[in-house]
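A.B. asks:
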Amino acid sequence: MTSHEDQAQRGQGKQPGEEADTAAQAQPVVAQDAVAVNAVPHKPWYRRIRWWGWILIAIAAVMVLFAGTVGTQALLVKHHEEAAIAVVKDAVKKHRLNDLDGVVADMQKETRAARNITNGPLWSFTEQLPGIKGSMRVVRMMTNVVDDMAQDTAPKFADVAQTIDAKSIYKNGSINAEPIVKALPELETAAQSLQRYTEEFDRIPTPRIGIVANALNSSRGMLDMANYYMQEAVDEYIPNLPTWLGYEGKQTYAILAMTPGEMRASGGLIGAVGTVTITDGKIEIGDFEANTKFAGDSITARNLTEDENRLYREEGPMSLNYDVRDIANSPDNVRVADYFKAIWDKTEIGKTTELNGVVLADPLMVQSLVKVLGDVKLPNGTVLTGTNTADFLINTAYKDYPAEETDAMFGTVAKACVQRLMGDLDAGKMAKLASEMVTLAHNRHLSVYSFDPTMQQLFWDTELTSTFPLDEAKPKIGIYITENNPSKMGWYIKRSTKITQLDCLEDGPAKYHVEYTIRNTMTDEESKTLPQYITGIRTEFPDSHGTSFEKIVFMPPAGGTMSDFEVTGNGADPVADSLNYRLIYTTITQVQPASEVTYSFDVTVSPDAKHKLGVDETPTASEKPDVTYVKQCSVQ
1205 MTSHEDQAQR GQGKQPGEEA DTAAQAQPVV AQDAVAVNAV PHKPWYRRIR
1255 WWGWILIAIA AVMVLFAGTV GTQALLVKHH EEAAIAVVKD AVKKHRLNDL
1305 DGVVADMQKE TRAARNITNG PLWSFTEQLP GIKGSMRVVR MMTNVVDDMA
1355 QDTAPKFADV AQTIDAKSIY KNGSINAEPI VKALPELETA AQSLQRYTEE
1405 FDRIPTPRIG IVANALNSSR GMLDMANYYM QEAVDEYIPN LPTWLGYEGK
1455 QTYAILAMTP GEMRASGGLI GAVGTVTITD GKIEIGDFEA NTKFAGDSIT
1505 ARNLTEDENR LYREEGPMSL NYDVRDIANS PDNVRVADYF KAIWDKTEIG
1555 KTTELNGVVL ADPLMVQSLV KVLGDVKLPN GTVLTGTNTA DFLINTAYKD
1605 YPAEETDAMF GTVAKACVQR LMGDLDAGKM AKLASEMVTL AHNRHLSVYS
1655 FDPTMQQLFW DTELTSTFPL DEAKPKIGIY ITENNPSKMG WYIKRSTKIT
1705 QLDCLEDGPA KYHVEYTIRN TMTDEESKTL PQYITGIRTE FPDSHGTSFE
1755 KIVFMPPAGG TMSDFEVTGN GADPVADSLN YRLIYTTITQ VQPASEVTYS
1805 FDVTVSPDAK HKLGVDETPT ASEKPDVTYV KQCSVQ
């Protein structure tokens, strides 16, 4: 055997005999291992987890328990704060205001419970954790201020309320301002407390967590508003009560009764004029006079602006005279009040009586009074209710009674309602009436203007004075109609608006597509059989019975634009114009019986808009305008 072969043999391992012995020895070992494996049982899962695994599980369990505990505490805080609000709401609803000490005590119990939670050790610990510490701190600060108000401010207001005998303020049609004025020092103290905590609440920083930030901003907004009105009350409103209630001289307001049956921009043709006077707190309503007493070439509003004169007197097609019948033709009721004062000053009563304010009201307003105060029975036996009054005054009366009697009916019903106001009203009816008035004002069925700047500021704050859209944050398009067919077609003209929001995912100002439809519901048969006082007729159009001739003003939202007008039906394309420094678009349309016309256009709102696009329009014969939103994007 060569040395090379010898090396190869050695490199292959042991001799053949040795390999056999080794294999023989190895086989039992393998068998023993297999037996051993089968013989040893599996360890339980918890014994197979290493020590560091148990640490991770323990940490996770603590975190879940901690999160659940904090979440539960947050829900409890929310529950206690909502319960505190519910205490006040229930007190008003259940007439528990004669137990104000008990109401305040119940409220204090809830706010203190919320404060105890947010000032506890667990909550304090969460204020050290990254990511949520700012929001947890904000919630604690909020509950602290709210509890301070419950413990300090609320009792002060309760004490003031208990010193005033509510029944002595309003009785038999008279308002006694003395108890309120007498309580002014104590009310000022309560207002100072509210001011202090409002300022403290406003200093709370806005956190990063959205839900907490939203709650803070919402609460801040409500508190700021309440504080604003309270400070205005003690500084301006209450000190002026003796003047406003006629203790320092009679106050006189004119009530202009509009009818949407013949449309004008702010509401409708003025059919009758009444007066309300306040002397030493005593409220009295005079007779409603027909508009003819204020009509005629010698008694007209001469204070029209250049735009108003051009649009509605020179261009027509129907030249408005701007006697009292036409003065509700401005969408800005400040202008309407100015028009009427110019007319009032030329009348015999105006030469001796100062006019302190103007109230615009239509049959929907009267219907709300009837709904709250009770049915009214007319001399002929007709019973007007909270559902049929508007129908009767806008349409039925013109069909069933002579034209010279219809305007007086508004005054008859209105006077009956106001006389009921002179009686003792319970808190429930007063609250219901106030709610109705706000809704009516928002939809232009009611508007109030005072020539006293301080009182007018109150009307601005409560949105009781209608004007064209001025708020970029709350965008509205204006759509104002002047009926150019002397008629009472407004009852049969149904208007609807469909709004579709566009470009939801794009940055920048929101965009909308608007479709505005005017539909004439009068049938051909009705146009031939109804009284001409209703259907109207233009001498240049002898076959125009039942046709609505409407001049329309489209006004873009404040800070926004209108574009791309399209017309379907018998209407002209809107053209750009101006009205008292505002860009507008004007058009004329004829809507025959059983037909309709639709105006489509795009709207871009201001970059500062915070709400969806709304519509401010000449009021219809319905309580609210017919507005449909096809698609809405979330407002950031």
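For the sequence shown, our numbering assigns the number 1205 to the initial residue and increments by one for each residue that follows.
Don't be surprised by glycine CBs; every beta carbon is placed ideally from N, CA and C.
Around the C-beta of residue 1615, are 16 or more other C-beta atoms found within 10 angstroms, so that it is buried, or is it exposed?
C.D. replies: Per the 10 Å Cβ criterion, buried.
A.B. asks: Do you know offhand how far residue 1315's Cα is from residue 1372's?
C.D. replies: If I take the Cα positions, the gap works out to 33 Å.
A.B. asks: Confirm, please, whether the CB-CB distance from residue 1724 to residue 1798 is below 8 Å.
C.D. replies: Contact: yes.
A.B. asks: I believe residue 1806 touches residue 1716 by the beta-carbon criterion, under 8 Å. Please report the beta-carbon distance rounded to the nearest angstrom.
C.D. replies: Correct: roughly 7 Å between the Cβ atoms.
A.B. asks: If you drop the 5 nearest sequence neighbours on each side, which residues of the same chain put their C-beta closer than 7 Å to that of residue 1824?
C.D. replies: So the qualifying residues of the chain are 1464, 1699.
A.B. asks: Out of curiosity, what's the CA-to-CA distance linking residue 1708 and residue 1410?
C.D. replies: The straight-line gap from Cα to Cα measures roughly 27 Å.
A.B. asks: Just to confirm, is the Cβ distance from residue 1318 to residue 1285 under 8 Å?
C.D. replies: Yes; because the gap between Cβ atoms is below 8 Å, this pair is in contact.
A.B. asks: Suppose the cutoff is 6 Å on Cβ atoms and the five residues either side in sequence are ignored; what does the same chain contact list for residue 1811 look like?
C.D. replies: 1713, listed in sequence order.
A.B. asks: Assign residue 1412 to buried or exposed, taking buried as 16 or more other Cβ atoms, counted over all protein chains shown, within 10 Å of its Cβ.
C.D. replies: Classification of residue 1412: exposed, given that the 10 Å Cβ count is below 16.
A.B. asks: Assess, as a yes-or-no matter, whether the segment 1775-1792 is touched by the segment 1755-1762 under the definition of 3 or more beta carbon pairs within less than 8 Å.
C.D. replies: Contact holds: three or more Cβ-Cβ distances are below 8 Å.
A.B. asks: If you draw a straight line from the C-alpha of residue 1336 to the C-alpha of residue 1452, how long is it?
C.D. replies: Rounded to whole angstroms, residue 1336 to residue 1452 spans 59 Å at the Cα level.
A.B. asks: Would you say residue 1669 and residue 1469 are within 8 Å of each other, going by their C-beta atoms?
C.D. replies: Their beta carbons are not under 8 Å apart, which means residue 1669 does not touch residue 1469 by this criterion.
A.B. asks: Whole-angstrom Cβ separation of residue 1594 and residue 1571, contact assumed at under 8 Å?
C.D. replies: Yes, they are in contact, since the Cβ atoms of residue 1594 and residue 1571 sit about 4 Å apart, within 8 Å.
A.B. asks: Would the beta-carbon of residue 1489 fall within 8 Å of that of residue 1475?
C.D. replies: No.
A.B. asks: From residue 1440 to residue 1493, what distance separates their C-alpha atoms?
C.D. replies: If you take the alpha carbons of residue 1440 and residue 1493, they lie about 35 Å apart.
A.B. asks: Entirely within the segment 1497-1537 and at least 4 residues each: give me those alpha helix (DSSP H) ranges in chain order.
C.D. replies: Runs found: 1510-1513.
A.B. asks: Three or more C-beta pairs under 8 Å: does that hold for the segment 1635-1651 against the segment 1545-1561?
C.D. replies: With the cut-off at 8 Å, the segment 1635-1651 and the segment 1545-1561 do not touch.
A.B. asks: Residue 1724 bridges to which residues according to DSSP?
C.D. replies: Paired residues: 1697.
A.B. asks: Which ranges would you report for the beta strand (DSSP E) in the segment 1721-1809 if only whole runs of at least 3 residues count?
C.D. replies: As far as the segment 1721-1809 is concerned, its whole beta strand (DSSP E) runs of at least 3 residues are 1752-1759, 1765-1772, 1779-1783, 1786-1795, 1800-1808.
A.B. asks: Contact defined as beta carbons within less than 8 Å: I believe residue 1765 pairs with residue 1793. What is the distance between those atoms, to the nearest angstrom?
C.D. replies: In fact, because the Cβ distance is near 22 Å, the residues do not count as touching under 8 Å.
A.B. asks: When DSSP labels each residue in this structure, what does residue 1390 get in the three-state scheme?
C.D. replies: In the structure shown, residue 1390 sits in a helix (DSSP, three-state: H, G or I).
A.B. asks: Is the beta carbon of residue 1294 closer than 8 Å to that of residue 1362?
C.D. replies: Contact flag unset, no.
A.B. asks: On the premise that residue 1528 lies in contact with residue 1495, defined as a C-beta separation below 8 Å, what is that separation, rounded to the nearest angstrom?
C.D. replies: About 5 Å separates the two Cβ atoms, so the contact holds.
A.B. asks: Anyone know if the C-beta pair for residue 1818 and residue 1678 falls short of 8 Å?
C.D. replies: Their beta carbons are under 8 Å apart, which means residue 1818 touches residue 1678 by this criterion.
A.B. asks: Rounded to whole angstroms, what's the CA-CA distance from residue 1739 to residue 1530? Just pull it up for me.
C.D. replies: Between residue 1739 and residue 1530, the C-alpha separation is close to 19 Å.
A.B. asks: Between the Cα of residue 1435 and those of 1662, 1506, 1354, 1551, spot the shortest distance and give me the residue it belongs to.
C.D. replies: Here the closest residue by C-alpha is 1662.
A.B. asks: Comparing C-alpha positions only, which one of 1831, 1680, 1471, 1383 sits nearest to residue 1720?
C.D. replies: Out of 1831, 1680, 1471, 1383, 1831 has the C-alpha closest to the C-alpha of residue 1720.
A.B. asks: Quick check on residue 1423: does DSSP put it in helix, strand or coil?
C.D. replies: Of the three classes helix, strand and coil, the one that applies to residue 1423 here is helix, per DSSP.
A.B. asks: Which parts of the segment 1310-1388 are runs of the alpha helix (DSSP H), unbroken and 4 residues or longer, counting only runs that do not cross its ends?
C.D. replies: The qualifying runs are 1325-1330, 1337-1352, 1358-1367, 1370-1373, 1382-1386.
A.B. asks: From residue 1290 to residue 1283, what does the alpha carbon distance come to, in whole angstroms?
C.D. replies: Straight-line Cα distance between these residues: approximately 10 Å.
A.B. asks: Identify which residue in 1378, 1356, 1473, 1345 has its Cα closest to the Cα of residue 1424.
C.D. replies: When each option's Cα is compared against that of residue 1424, the closest is 1345.
A.B. asks: Look up residue 1555 in the DSSP assignment and say whether it is helix, strand or coil.
C.D. replies: Residue 1555: helix per DSSP, three-state reduction.
A.B. asks: What whole-angstrom Cβ distance do residue 1641 and residue 1566 have, given they're in contact under 8 Å?
C.D. replies: Going by Cβ atoms, the distance from residue 1641 to residue 1566 rounds to 13 Å, so no, they are not a contact pair.
A.B. asks: Run through DSSP, which three-state label would residue 1485 get?
C.D. replies: The answer is coil: DSSP assigns residue 1485 none of H, G, I, E or B.
A.B. asks: So, with DSSP's three-state summary, where would you put residue 1685?
C.D. replies: Looking at residue 1685 - three-state DSSP - the assignment turns out to be strand.
A.B. asks: In or out: residue 1782 buried (at least 16 other Cβ within 10 Å) or exposed?
C.D. replies: Exposed, because fewer than 16 other Cβ atoms sit within 10 Å of the Cβ of residue 1782.
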